Amino acid sequence: MSVVQFVVNGLLVGSLFATVAVGFALIWGVVDIINLAHGEMVMLGGYCSYWLIQLAGGEVSVGIALATVPVAMAVLFVVGYALQRVLIQQVTDESLFLTLLITFGISIAIQQLAIQAWSATPRSINVGLADPSIFVAGLIIPKMKLLAFVGALVLTLLLWLFLKRTRRGRAIRAVAQNPQASELIGIDVEHTRAVTFGISAAIAGGAGSFIGMILGLWPQMGLNYTLKSFVIVVFGGIGSIPGALVGGLSLGTIEELTAGLVSSTWTLAVSFSLLIVLLVFKPDGLFGQSVEGEQ
Amino acid sequence: MSTRDLRTRLQTVRAYLGTYGWLALGGAILVLVGLQWLGPLSTSRASLLFFAVGLFLVVWNLLLLRATGVLEFAHDHAWTLLAVFAVGAVAVQAAGLLNSYWSTVALQMFMFGVLALSWDLIGGQTGYPSFGNMAFFGIGGYTAAVLFKNYGVALPLTLVVAAVMALVFAAIIGVIVLRLRGGYFAIATLGVLLVAIQVARNLSITGGTDGIILLDVPDQALIYYGMLAVLVTEIAVVYYLSTTRFGYVLNTIRDDERKATAMGINTTYYKTAAWGLSALFTGLVGAMWAPYNTFIDPATAFNTAWNVEFIVMAFIGGTGTVIGPVLGAFGIRSLVFQIDSLFTGWQLVVLGVVVIVTVIGLPEGLVGQLKQRASALKYYEYGGGAAGGAEAADADATEGGND
Chain A
1 MSVVQFVVNG LLVGSLFATV AVGFALIWGV VDIINLAHGE MVMLGGYCSY
51 WLIQLAGGEV SVGIALATVP VAMAVLFVVG YALQRVLIQQ VTDESLFLTL
101 LITFGISIAI QQLAIQAWSA TPRSINVGLA DPSIFVAGLI IPKMKLLAFV
151 GALVLTLLLW LFLKRTRRGR AIRAVAQNPQ ASELIGIDVE HTRAVTFGIS
201 AAIAGGAGSF IGMILGLWPQ MGLNYTLKSF VIVVFGGIGS IPGALVGGLS
251 LGTIEELTAG LVSSTWTLAV SFSLLIVLLV FKPDGLFGQS VEGEQ
Chain B
1 MSTRDLRTRL QTVRAYLGTY GWLALGGAIL VLVGLQWLGP LSTSRASLLF
51 FAVGLFLVVW NLLLLRATGV LEFAHDHAWT LLAVFAVGAV AVQAAGLLNS
101 YWSTVALQMF MFGVLALSWD LIGGQTGYPS FGNMAFFGIG GYTAAVLFKN
151 YGVALPLTLV VAAVMALVFA AIIGVIVLRL RGGYFAIATL GVLLVAIQVA
201 RNLSITGGTD GIILLDVPDQ ALIYYGMLAV LVTEIAVVYY LSTTRFGYVL
251 NTIRDDERKA TAMGINTTYY KTAAWGLSAL FTGLVGAMWA PYNTFIDPAT
301 AFNTAWNVEF IVMAFIGGTG TVIGPVLGAF GIRSLVFQID SLFTGWQLVV
351 LGVVVIVTVI GLPEGLVGQL KQRASALKYY EYGGGAAGGA EAADADATEG
401 GND
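Okay, structure coming up:
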């Protein structure tokens, strides 16, 4: 396969990484939490779609597969809201270490419960397509990946519009800037934070449904996505949706190029080495504001 | 009586009720278990677990009631206590009192004690929450295994080389990642661990995903003594350091690194030293664990579940203390063993829940809580209650008619 083909594959998959990372960046920016359980939201979203489709008979048409995405998002919104309200809120304004630890605890608990409930076997959502790929200028483009690419972009765009255009979105941005001042002008800060958490989980869950359709699902998949999100957010800069998009597409491309030109067993090592290098030399990201003073 | 005053009193009452309540609950469990033992049901693992929980509740709450005295005693007799522990642990093994199951449990408790204390050195004392300490364990383990298997090096020598390898690796990585702070440091170290796993999977010298099988290894008792020796040495070293300038500097870096730098302290040097010391001990037990396990592969050498487990141990015991992480390790490890035999496969679920509950309910850890209680008791002893009352009254006065 040609290098161009790897780049195209990378961009298609990278859009999903970007969408997951946007949710991660949202919580980090608004609630000031590095949510180590973010990948588990992706996993849960994927399994939500998977089980809905199993109920519908296993292999379904594209329309039904797409219809499960909003359902998964709704479920994950509730999960995210409840997690923040019941557990994470207790330590939100405490030390960073406590929030890291509690989200790690949640991550292990969800992941292990998923193994107990659904076994560790990898699964994937089968979508029936008569003609699975299209050919453009000598490149193979799987239709499902293209669909996931569009879906991921739509989710990201919707989130961006929501944050910019709606009243609730403005409230979220206000809380991100200054929680005390927001409280003074009558915003329910804790509720807004929980809603943000819910939205972030919903975005991750929606992306998880698409990931289940093109890449597969297994209970321990979460950590990878959490770390990828971290790489992307560090790359793009905290609180920058365009930054996360560019970061996600770049990461996808780099991983596909590594897999294609070197070996697929080295992709993780390459992306995490990249993360460490980035953290050390460019901790502000390419698009974000400075993160100086981070405790 | 103002509402604030009333609230303070209610809180005091509740605190006391709390301690006695838990004490009563623990006592009740003990009585129940005792009845079960005397009755027809005889002993089962389940009742052993109940017994442990009950014993813990009783002992813990008695400790809380006598917090000041306990801490003073521990402080005055620290070296004696350590010696008693060491001699006792050697004696029970030498006298053959431990069967192979309990010997395994004890050995792993010692190992996790070292891991948790090593983590605490960088995570608790210095305030750099490392999520990648397991990398040093794996490096130590692989160094020992490769040297032993491929080059026929004697095991004691492999231990030395493994510890040095872990130290060198830590120094190189430390120069890069110790420039980061907080969450960035945490994730970068987790990244280091994951890269290490992939490298071990892909190299031929490590045997790839198949790992390395070790034969002709020393028997368990010898490794038991080895782990014990490392643990006792590390406790002694960390305890000694915590009373020296070195220890104070580490705590200063944790509390305010900029201020430490402004005072003219070369923080990079101290951070790297603490990180290196942490890696040295972690690598050493890794090198002992490989022959004990007679097998090493990427998934077990860089076990990501253990990586969280010893952080949790340090946290539950009390970060930034010497004995806390070790006690946490002993407690959690024996709990994990029990759960493993009762509900196989659920130990990580339980671990996750324990983490969540502890973070919310006991953020200072057990030893931290004990210290807090001791200082609160002292406060009341020296008439602090009256001072507190005056403060509350002042606060009432300034708040005007709000109450």
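So the protein sequences, as listed, match chains A and B.
As numbered in the numbering used here, residues 1 to 295 make up the first sequence, in order.
As numbered in the numbering used here, residues 1 to 403 make up the second sequence, in order.
Where a beta carbon is used, it is the ideal one built from N, C-alpha and C, also for glycine.
Fair warning: this is a prediction, and the values are worked out from it, not measured in the lab.
Host alpha helix (DSSP H) of residue 251(A) (start-end): Position 251 of the first sequence holds residue 251(A). In the DSSP annotation of this structure, the continuous segment of the alpha helix (DSSP H) that includes residue 251(A) starts and ends at 241–261.
When the cut-off is 8 Å and only beta carbons count, does residue 200(A) lie next to chain B? Here the question's residue 200(A) lines up with position 200 in the first sequence. Interface flag for residue 200(A) against chain B is unset, since no Cβ pair is found closer than 8 Å.
Please name the residue in 112(B), 106(B), 211(B), 197(B) whose C-alpha comes closest to that of residue 234(B). The sequence position of residue 234(B) within the second sequence is 234, counting from 1. Relative to the Cα of residue 234(B), the nearest Cα in the group 112(B), 106(B), 211(B), 197(B) belongs to 112(B).
For residue 115(A), tell me which candidate among 234(A), 38(A), 196(A), 220(A) has the shortest Cα-Cα distance. Taking the first residue of the first sequence as 1, we reach residue 115(A) at position 115. The closest CA to that of residue 115(A), considering only 234(A), 38(A), 196(A), 220(A), is found on 220(A).
Residues of its chain near residue 75(A), where Cβ-Cβ distance is below 6 Å and the 5 sequence neighbours each way are ignored: Sequence index remark: in the first sequence, residue 75(A) carries index 75 (1-based). Cβ neighbours of residue 75(A) within its own chain (closer than 6 Å, five residues either side excluded): 48.
Beta-carbon proximity list for residue 68(B), same chain, < 7 Å, skipping 5 on both sides: Position 68 of the second sequence holds residue 68(B). By the criterion of a C-beta distance shorter than 7 Å, residue 68(B) is surrounded in its chain by 374, 377, 378, once the five residues flanking it on both sides are discounted.
May I have the straight-line CA-CA distance separating residue 161(A) from residue 153(A), to the nearest angstrom? Mapped onto the first sequence, residue 161(A) falls at position 161. Mapped onto the first sequence, residue 153(A) falls at position 153. Spanning the two alpha carbons is a distance of roughly 12 Å.
Going by DSSP, what residue range makes up the beta strand (DSSP E) through residue 136(A)? On the first sequence, position 136 is the one that residue 136(A) refers to. Element bounds for residue 136(A): 133–136.
What's the gap between the Cα of residue 90(B) and the Cα of residue 164(B)? Looking up residue 90(B) in the second sequence gives position 90. Looking up residue 164(B) in the second sequence gives position 164. If I take the Cα positions, the gap works out to 27 Å.
Is residue 142(A) helix, strand or coil by DSSP? Taking the first residue of the first sequence as position 1, residue 142(A) is located at position 142. Residue state, collapsed to three classes: strand.
Answer with buried or exposed for residue 382(B), where buried requires no fewer than 16 other C-beta atoms within 10 angstroms of its C-beta. Along the second sequence, read from residue 1 onward, the residue named residue 382(B) stands at position 382. Residue 382(B) comes out exposed.
DSSP bridge partner residues for residue 127(A) (one or two, in chain order): Here residue 127(A) refers to the residue found at position 127 of the first sequence. Answer is 60(A), bridged to residue 127(A).
Backbone CA spacing between residue 40(B) and residue 231(B) [nearest angstrom]: Within the second sequence, numbered from 1, the residue matching residue 40(B) stands at position 40. Within the second sequence, numbered from 1, the residue matching residue 231(B) stands at position 231. Interpretation of residue 40(B) is limited by its pLDDT of 45, a score under 50 that renders its predicted location unreliable; the figure taken from the coordinates is listed afterwards. C-alpha separation (whole angstroms): 41 Å.
Nearest by alpha-carbon distance to residue 127(B): which of 319(B), 149(B), 103(B), 161(B) is it? If you number the second sequence from 1, residue 127(B) lands on position 127. When each option's Cα is compared against that of residue 127(B), the closest is 319(B).
Using the beta-carbon count (16 or more within 10 Å), is residue 281(A) buried or exposed? Reading the first sequence from its first residue, position 281 is the one you call residue 281(A). Exposed is the call here.
Measuring only the C-alpha atoms, how far is residue 309(B) from residue 34(A)? The residue given as residue 309(B) occupies position 309 in the second sequence. The residue given as residue 34(A) occupies position 34 in the first sequence. Here the alpha carbons of residue 34(A) and residue 309(B) stand approximately 20 Å from one another.
Can residue 350(B) and residue 323(B) be called in contact, C-beta distance under 8 Å? Taking the first residue of the second sequence as 1, we reach residue 350(B) at position 350. Taking the first residue of the second sequence as 1, we reach residue 323(B) at position 323. Not in contact: residue 350(B) and residue 323(B) (Cβ atoms no closer than 8 Å).
Buried or exposed for residue 261(A), going by 16 or more other Cβ atoms inside 10 Å? Translated into positions along the first sequence, residue 261(A) becomes position 261. Classification for residue 261(A): exposed.
Inter-residue Cα distance where the pair is residue 167(B) and residue 273(B): For the purposes of this step, residue 167(B) is taken as the residue at position 167 of the second sequence. For the purposes of this step, residue 273(B) is taken as the residue at position 273 of the second sequence. Going from the Cα of residue 167(B) to the Cα of residue 273(B) covers about 9 Å.
Check whether the Cβ of residue 129(B) lies closer than 8 Å to any Cβ atom in chain A. What you label residue 129(B) is simply residue 129 of the second sequence in a count that begins at 1. Residue 129(B) counts as touching chain A.
Restricting to Cα atoms, I'd like to know which of 257(A), 259(A), 258(A), 230(A) is closest to residue 245(A). Numbered from 1 along the first sequence, position 245 holds the residue referred to as residue 245(A). Ranking 257(A), 259(A), 258(A), 230(A) by Cα distance to residue 245(A) puts 230(A) first.
Nearest CA to the CA of residue 26(B): which residue from 121(B), 57(B), 251(B)? Translated into positions along the second sequence, residue 26(B) becomes position 26. Nearest option by C-alpha distance: 57(B).
Below 7 Å between beta carbons is the criterion; list the residues of the stretch 69–92 of chain A that meet it against any residue of chain B, in chain order. So the close ones are 87, 90, 91.
For the putative contact between residue 40(A) and residue 111(A), defined by C-beta atoms under 8 Å, what is the C-beta separation to the nearest angstrom? Walking along the first sequence from the start, residue 40(A) turns up at place 40. Walking along the first sequence from the start, residue 111(A) turns up at place 111. By a beta-carbon distance limit of 8 Å, residue 40(A) contacts residue 111(A). Their separation comes to about 6 Å.
Supposed close pair residue 270(B), residue 249(B) - CB separation, criterion 8 Å: By 1-based counting over the second sequence, the position of residue 270(B) is 270. By 1-based counting over the second sequence, the position of residue 249(B) is 249. The pair is a contact, with the Cβ atoms about 5 Å apart (cut-off 8 Å).
Residue 105(A) and residue 356(B) closer than 8 Å at C-beta: In the first sequence, residue 105(A) corresponds to position 105, counting from 1. In the second sequence, residue 356(B) corresponds to position 356, counting from 1. Between residue 105(A) and residue 356(B), the C-beta spacing is below 8 Å.
Where do the ends of the alpha helix (DSSP H) carrying residue 175(B) lie? Along the second sequence, one-based indexing puts residue 175(B) at 175. 155–177 is the extent of the alpha helix (DSSP H) around residue 175(B).
Quick one, which of 352(B), 108(B), 333(B), 173(B) has its alpha-carbon nearest residue 228(B)'s? As a first step, residue 228(B) is located in the second sequence; it is residue number 228 there, counting from the start. Among 352(B), 108(B), 333(B), 173(B), the Cα nearest to that of residue 228(B) is on 108(B).
CB-CB under 7 Å to residue 121(B), same chain, minus the five flanking residues each way: which ones, in chain order? Sequence index remark: in the second sequence, residue 121(B) carries index 121 (1-based). Once the five neighbours on either side are set aside, the close Cβ partners of residue 121(B) are 238, 274, 277, 278.
When the cut-off is 8 Å and only beta carbons count, does residue 402(B) lie next to chain A? In the second sequence, residue 402(B) corresponds to position 402, counting from 1. With a pLDDT of only 37 at residue 402(B), under the threshold of 50, the placement of this residue in the model should not be trusted, and no figure is reported.
For residue 131(B), does the three-state DSSP call read helix, strand or coil? Here residue 131(B) refers to the residue found at position 131 of the second sequence. Coil.
Candidates 304(B), 254(B), 62(B), 215(B): which alpha carbon is nearest residue 150(B)'s? Locating residue 150(B) in the second sequence gives position 150, where the first residue counts as 1. Among 304(B), 254(B), 62(B), 215(B), the Cα nearest to that of residue 150(B) is on 215(B).
Of all the CB atoms in chain B, is at least one closer than 8 Å to the CB of residue 121(A)? One-based indexing of the first sequence puts residue 121(A) at position 121. No, residue 121(A) lies away from the interface with chain B (no Cβ there is under 8 Å from its Cβ).
Under 8 Å Cβ to Cβ from residue 3(A), same chain only, skipping five residues before and after it: list those, please. Against the first sequence, residue 3(A) aligns to sequence position 3. Contacts found: 257, 260, 261.
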